[in-house]
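My numbering numbers the first residue of the sequence shown as 118 and each following residue consecutively. Quick reminder that beta carbons are idealized off the backbone N, C-alpha and C, glycines included. In this text, all values refer to a predicted model and were calculated from it rather than measured experimentally. Some notes on the structure that comes next.
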Amino acid sequence: MAQQTAFANMTADGADKPDRAVVRDALGVGVAVGLSGFAFGVTSAGSGLGLLQSCALSLLVFTGASQFALVGALAAGGSPFTAAAGAFFLGVRNAFYGLRLSQLLDLPRAVRPFAAQWVIDETTAVTLAQPTRRARRIGFTVTGLTLYALWNLTTLLGALGAKAIGDTRAWGLDAAGPAVFLALLAPMLRTTTERVVAGLAVLLGLGLLPVLPAGVPVLVAALAAPVALVAEGRRRPRGPRGEPVTGPDGGAVAEGDR
118 MAQQTAFANM
128 TADGADKPDR
138 AVVRDALGVG
148 VAVGLSGFAF
158 GVTSAGSGLG
168 LLQSCALSLL
178 VFTGASQFAL
188 VGALAAGGSP
198 FTAAAGAFFL
208 GVRNAFYGLR
218 LSQLLDLPRA
228 VRPFAAQWVI
238 DETTAVTLAQ
248 PTRRARRIGF
258 TVTGLTLYAL
268 WNLTTLLGAL
278 GAKAIGDTRA
288 WGLDAAGPAV
298 FLALLAPMLR
308 TTTERVVAGL
318 AVLLGLGLLP
328 VLPAGVPVLV
338 AALAAPVALV
348 AEGRRRPRGP
358 RGEPVTGPDG
368 GAVAEGDR
């Protein structure tokens with residue numbers, strides 16, 4: 118009964134959000150983050166990559182964190198192998214996004230290889246924020262299309278104008294993408310467990326950043342989720358057979374709620 122009620126509420130919420138509202142939100146994210154591709158184009162050119170190389174990275178890799186990690190490592194004097202390894206580690210998280218999105222979107226098999234190119238932080242955040250499958254598909258498609266087109270266009274413009282713009286760090290352009298993603302993520306942290314996972318992930322990522330290779334702190338930060346879930350499971354009251362005690366709505370009952 119609780120699951121049926123939750124599903125009914127979800128359907129009702131989805132009916133209150135028209136398609137144009139989903140498109141508006143998706144366009145906002147796509148445009149805001151897509152423009153930061155200009156900073157990548159400038160940074161890539163400043164690290165010694167040519168115009169075609171910079172554009173190829175945006176066309177084929179299309180994940181900002183990995184791209185910035187790659188050109189940052191090259192600019193710091195790292196070997197191409199080390200730079201590529203760091204970019205790869207950062208990109209691994211997209212595979213986990215894809216596992217979740219494949220269930221939510223349920224796209225035809227023929228479309229999935231093309232949709233996989235758009236599985237990144239921003240498309241995942243927009244998709245997860247939608248209440249129905251139709252809204253999720255619209256949010257994913259509009260965000261992915263807008264972001265892919267603008268990111269590649271601004272990469273080209275940034276690489277062409279690298280000499281004129283100077284140091285991108287002085288403009289703060291490289292912070293635009295992460296700032297937008299954090300703004301999307303923050304409202305989704307509704308429960309205490311979710312906030313603990315986010316906080317612990319930040320501590321792990323920032324704390325290990327100076328001592329581990331590029332990309333590895335992000336993977337280690339993912340351990341925050343199982344650690345927090347194990348801790349939450351231990352504090353839940355147990356029945357006579359060791360099963361978690363649930364409330365009338367099917368949710369877990371905390372130790373202090375009994």
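If you compare alpha carbons, which of the options is closest to residue i?
i, options, result
"ARG254", "LEU273, THR244 and THR263", "THR244"
"ALA212", "ARG251, LEU336 and GLY278", "LEU336"
"GLY194", "ALA315, LEU166 and ALA138", "LEU166"
"ARG378", "VAL319, THR263, VAL328 and GLU311", "There is no way to answer for residue 378, as the model of the chain reaches only from 118 to 375."
"ALA303", "ALA242, ALA279, TRP268 and ARG251", "ALA242"
"ALA348", "VAL319, GLY322 and THR310", "THR310"
"PHE155", "ARG307, LEU320, ALA341 and THR271", "THR271"
"LEU340", "VAL328, GLY316 and ARG351", "GLY316"
"VAL159", "LEU267, LEU306, LEU273 and GLN234", "LEU273"
"GLY322", "GLY275, GLY350, ALA266 and ALA342", "ALA342"
"GLY151", "ALA345, ARG251, ALA173 and TRP268", "TRP268"
"LEU222", "GLY203, ALA252, ASP238 and PHE205", "ALA252"
"TYR265", "GLY324, ALA143 and ALA246", "ALA143"
"ALA345", "ALA200, ALA318, VAL328 and LEU329", "ALA318"
"GLY324", "VAL313, PRO248, ALA338 and VAL188", "ALA338"
"ARG210", "GLU239, SER196, ALA200 and ARG229", "GLU239"
"THR260", "GLY147, ASP136 and ARG137", "GLY147"
"GLN234", "VAL178, ALA149, ALA279 and ALA281", "VAL178"
"ALA279", "ALA149, LEU168 and VAL314", "LEU168"
"ASP136", "ARG217, LEU216 and ARG250", "ARG250"
"GLY203", "GLY350, THR308 and LEU329", "LEU329"
Secondary structure at residue i, three-state DSSP: helix, strand or coil?
i, result
"GLU199", "A small fix is needed here, since residue 199 is Thr in this sequence, not Glu. THR199 falls in the helix class under three-state DSSP."
"ILE255", "helix"
"PHE179", "coil"
"ALA303", "helix"
"ALA227", "coil"
"LEU216", "helix"
"GLN121", "No answer about GLN121 holds up, because its pLDDT of 38 lies below 50 and its placement is not dependable."
"GLY261", "helix"
"GLN184", "helix"
"ALA193", "coil"
"LEU245", "helix"
"PRO135", "coil"
"LEU340", "coil"
"VAL236", "coil"
"VAL146", "helix"
"VAL140", "helix"
"GLY278", "coil"
"VAL347", "helix"
Tell me which residues share the same chain as residue i and place their Cβ nearer than 7 Å to its Cβ, disregarding the 5 neighbours each side in the sequence.
i, result
"PHE198", "none"
"SER171", "GLY158, SER161, ALA162, THR272 and ALA276"
"GLY145", "none"
"ALA281", "none"
For residue i, which residues from the same chain have a beta carbon less than 8 Å from its beta carbon, with the 5 sequence-adjacent residues on both sides left out?
i, result
"LEU224", "ALA232 and ARG254"
"GLN247", "GLY131, LYS134, VAL139, ARG253, ILE255 and GLY256"
"ALA125", "Caution applies to ALA125, whose pLDDT of 39 falls short of 50 and renders its modelled position unreliable; the model cannot decide the point."
"ARG229", "SER219"
What residues in its chain sit with their C-beta under 6 Å from that of residue i, if we drop five residues either side in the sequence?
i, result
"ALA227", "none"
"TYR214", "VAL236 and THR241"
"ALA378", "One cannot answer for residue 378 here, as it falls past the ends of the chain, which runs 118 to 375."
"VAL188", "THR160, SER161 and SER164"
"VAL314", "ALA341, ALA342 and ALA345"
For a cutoff of 8 Å on Cβ pairs, would you count residue i as touching chain C?
i, result
"VAL335", "Among the chains in the structure shown there is no chain C, since it carries only a single protein chain."
Segments of 4+ residues assigned as alpha helix (DSSP H) that fall wholly inside the segment 148-176: 154-163
Completely contained alpha helix (DSSP H) runs for the segment 308-334, where each covers 4 or more residues: 309-325
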